[in-house]
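Residues in the sequence shown are numbered from 1 upward in steps of one, following the UniProt record's numbering.
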Amino acid sequence: MENVNPYDPPLAESHEIGDVDSSSVGTITSQFSFTSQHLVDTLTRFRSQHSGRRLWRWFRCVAALIFVIVAIVGLFIPQYFASAFMFALAIFAFFPHKIDDYLATRNFRKSPHCNAQQIIHLSGDGFRAESEIEQTDLKWAAFSKAVIFHDGVLLYRGPKMVNWVPDATLDSADGPFRIRKLVAEKLPTNHVVNRIDR
Numbered sequence: 001m002e003n004v005n006p007y008d009p010p011l012a013e014s015h016e017i018g019d020v021d022s023s024s025v026g027t028i029t030s031q032f033s034f035t036s037q038h039l040v041d042t043l044t045r046f047r048s049q050h051s052g053r054r055l056w057r058w059f060r061c062v063a064a065l066i067f068v069i070v071a072i073v074g075l076f077i078p079q080y081f082a083s084a085f086m087f088a089l090a091i092f093a094f095f096p097h098k099i100d101d102y103l104a105t106r107n108f109r110k111s112p113h114c115n116a117q118q119i120i121h122l123s124g125d126g127f128r129a130e131s132e133i134e135q136t137d138l139k140w141a142a143f144s145k146a147v148i149f150h151d152g153v154l155l156y157r158g159p160k161m162v163n164w165v166p167d168a169t170l171d172s173a174d175g176p177f178r179i180r181k182l183v184a185e186k187l188p189t190n191h192v193v194n195r196i197d198r
């Protein structure tokens, strides 16, 4: 069954950490701690790329408004239990991503990957991820597309498998420019100019 967790690393053959010369010409290195916040940042950007997100957001707002109206009417009938339930549904309709983030981070804290130090090397040959737990080598053909944000790059390995590489984790001042140039050469690329939609 396909892995639906956007941040569960793929299985790959093992290598010794340090095989890649991160200072070699053309290699871009990202180093970060794989924290719950990194997971939430990844999920936020991943959700922002769903084609129906704007329609879904409008639907949630309309549903929440209806729930609030029904809840207020229920207070005058009086139907306090039903009103409380409608208010709870309204809150859920406004903030489903917060609940999703909470569940994802709660489950992620049980993972051996939680808080692991990650090193990602990107070069013309492909993508390499290293941690205390595993090493993964992937050719660019394993990726379907890249989405460029103002603060990093989201790499897609499938419909529900992604890697988020923040600019702040890159090893050089020109890293953000180089990584954008590299992924634009290797993958179909989308650009996100403004804010991230939930």
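In this text, a Cβ means the ideal position worked out from N, Cα and C, and glycines have one as well.
Because the structure is a prediction, the values reported are computed rather than measured.
* Measuring CA to CA, which of HIS121, HIS150 and GLN49 is closest to SER139? -> Correcting the residue identity first, residue 139 is Lys in this sequence and not Ser. It is HIS121.
* **Proximity of LEU187 and LYS160 at Cβ, strictly below 8 Å** => no
* the segment 108–115 in contact with the segment 29–45 per 3-pair CB rule at 8 Å -> yes
* To do: Would you list the one or two residues that DSSP bridges to ASN115?
  => Bridge partners of ASN115: none, in fact.
* Hey, how far is the Cα of SER48 from the Cα of VAL40? -> 12 Å
* To do: Within 10 angstroms of the Cβ of ARG128, are there 16 or more other Cβ atoms? Answer buried if so, exposed if not.
  => buried
* Asked: For the ligand SAH, is there a heavy atom less than 7 Å away from the beta-carbon of TRP56?
  -> Ligands displayed in this structure: none; no statement on the ligand SAH is therefore possible.
* Asked: Which class does ILE185 belong to by DSSP, given the choice of helix, strand or coil?
  -> According to the sequence displayed, residue 185 carries Glu and not Ile. Note: GLU185 maps to helix in three-state DSSP.
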